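Visitor: This is the structure, below, for whatever I ask next.
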């Protein structure tokens, strides 16, 4: 296992370098004036432009720029924004809120999605199966921003059951935004779980377990569910990174002070240092979650071994 983890970590190095270089190139090497709009409607003074080009090494070749950025990154320095703020400090202030929201969404997605998928797969072609299929199709058909506005309008403003905005980012206050963020993925998890359960319930090992006289609950919980969850775990693992990067709309609707609003404002103001820093953190999250998912395979299926 240790050799496998070390090999995977080494494989992540070129992936990390390639993705961060592409992001850096797209942010800093795109055509156009990077300082347009920084000084209002007037052009920025030459002294300001010269100082900014020196701060971000814009006069150097692209590879040299990226090399200097990478060296600073390895030391934990994400650089400065155009207004002189530390990128790392801004990320540290907002990223935990988005991470908490993403984890709440992941738990909601896993609990409701897997439960609905298992019940639907075991009650194949029954009323519950039809109900799950119709409800998941309904969720898939509605964009997340529509779901968010409807939930906020109906349950927050009209009925008063929930707070329409998040005043403090506690776990309790993030349940409703987490449900909205996870609504689309929750439907996919339910359908994926249903398909996997329906396929594996006819497998030979399930028939053998039932023939030995094992209780149905043990057959489902120990044998059937563990093997059926492998594709679901893959989807959930990659979905955490998607939640972190795709929470901009949900955070905007419920006024969550997370990284989504930070990225949105940075894009509008063309703050390349902030955009590059946030995307770099998201790349690291994706890589680590992929490794964790692969390691969970061996826990779910004893036949899988990493040498």
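Residue numbers (UniProt numbering): 1 to 307. The beta carbon of each residue, even a glycine, is placed where N, CA and C say it ideally should be. Keep in mind that this is a model prediction, so the values were computed, not measured.
What does residue 86 pair with, by DSSP beta-bridge criteria?
Guide: If you number the chain shown from 1, residue 86 lands on position 86. 80.
Visitor: Quick check: what's the CA-CA separation for residue 55 versus residue 275?
Guide: Position 55 of the chain shown holds residue 55. Position 275 of the chain shown holds residue 275. C-alpha separation (whole angstroms): 16 Å.
Visitor: Whose C-beta lies closer than 6 Å to the C-beta of residue 145 among residues of the same chain, with five residues either side of it excluded?
Guide: To locate residue 145, count along the chain shown from 1; it is residue 145. Excluding positions up to five away in sequence, the list reads 249.
Visitor: Mark residue 11 as exposed unless 16 or more other C-beta atoms lie within 10 angstroms of its C-beta, in which case mark it buried.
Guide: The count along the chain shown starts at 1 and reaches residue 11 at position 11. Exposed, since its Cβ has fewer than 16 Cβ neighbours within 10 Å.
Visitor: From this set, 241, 160, 78 and 89, which residue's C-alpha is nearest residue 99's C-alpha?
Guide: Walking along the chain shown from the start, residue 99 turns up at place 99. Cα-wise, what sits closest to residue 99 is 241.
Visitor: In the DSSP assignment, find the unbroken alpha helix (DSSP H) run with residue 28 in it and report its ends.
Guide: Taking the chain shown and counting its residues from 1, one reaches residue 28 at position 28. Note, residue 28: alpha helix (DSSP H), 2-28.
Visitor: How big is the Cα-Cα spacing for residue 121 and residue 136?
Guide: Numbered from 1 along the chain shown, position 121 holds the residue referred to as residue 121. Numbered from 1 along the chain shown, position 136 holds the residue referred to as residue 136. Each residue's Cα considered, the two are about 14 Å apart.
Visitor: In or out: residue 28 buried (at least 16 other Cβ within 10 Å) or exposed?
Guide: The residue labelled residue 28 in the question sits at position 28 within the chain shown. Per the 10 Å Cβ criterion, buried.
Visitor: Within its chain, find whatever has a CB closer than 7 Å to the CB of residue 104; leave out the 5 residues flanking it on each side and keep chain order.
Guide: Translated into the one-based positions of the chain shown, residue 104 becomes position 104. If we look at residue 104 and ignore the five residues flanking it on each side, its Cβ neighbours are 171, 174, 175 and 178.
Visitor: Checking 7 Å against the spacing of the C-beta atoms, do residue 78 and residue 88 come in under that value?
Guide: As a working mapping, residue 78 is identified with position 78 in the chain shown. As a working mapping, residue 88 is identified with position 88 in the chain shown. Yes; because the gap between Cβ atoms is below 7 Å, this pair is in contact.
Visitor: Are residue 324 and residue 187 touching if we call contact CB-CB under 7 Å?
Guide: Here the chain comprises residues numbered 1 to 307, so residue 324 is not present and cannot be evaluated.
Visitor: Is residue 124 buried or exposed, if buried means 16 or more other CB atoms sit within 10 Å of its CB?
Guide: As a working mapping, residue 124 is identified with position 124 in the chain shown. By the 10 Å Cβ count, residue 124 comes out exposed.
Visitor: DSSP on residue 246, reduced to helix/strand/coil?
Guide: Position 246 of the chain shown, counting from 1, holds the residue named residue 246. Reduced to three states, the DSSP call for residue 246 is coil.
Visitor: Here's a check: name, in chain order, each residue in its chain whose Cβ is nearer than 7 Å to the Cβ of residue 209, leaving out the five neighbours to either side.
Guide: Residue 209 sits at position 209 when you count from the first residue of the chain shown. Counting only Cβ-Cβ distances below 7 Å, and skipping sequence neighbours, we find 219 and 223.
Visitor: Buried or exposed for residue 194, going by 16 or more other Cβ atoms inside 10 Å?
Guide: Taking the chain shown and counting its residues from 1, the one referred to as residue 194 is at position 194. It is buried - the Cβ of residue 194 has at least 16 other Cβ atoms within 10 Å.
Visitor: Relative to the alpha-carbon of residue 159, which residue among 167, 66 and 150 has its alpha-carbon at the smallest distance?
Guide: Locating residue 159 in the chain shown gives position 159, where the first residue counts as 1. Cα-wise, what sits closest to residue 159 is 150.
Visitor: By the 10 Å Cβ neighbour count, where 16 or more other Cβ atoms means buried, how is residue 205 classified, buried or exposed?
Guide: Taking the first residue of the chain shown as 1, we reach residue 205 at position 205. Answer is exposed; the Cβ neighbour count stays below 16.
Visitor: Is it right to say residue 167 is buried, meaning 16 or more other beta carbons lie within 10 angstroms of its own, or is it exposed?
Guide: Walking along the chain shown from the start, residue 167 turns up at place 167. Looking at its Cβ environment, which holds fewer than 16 other Cβ atoms inside 10 Å, residue 167 is exposed.
Visitor: Taking one C-beta from the stretch 262-279 and one from the stretch 225-234 each time, how about it: are there three or more such pairs within less than 8 Å?
Guide: Cβ pair count under 8 Å is below three, so no.
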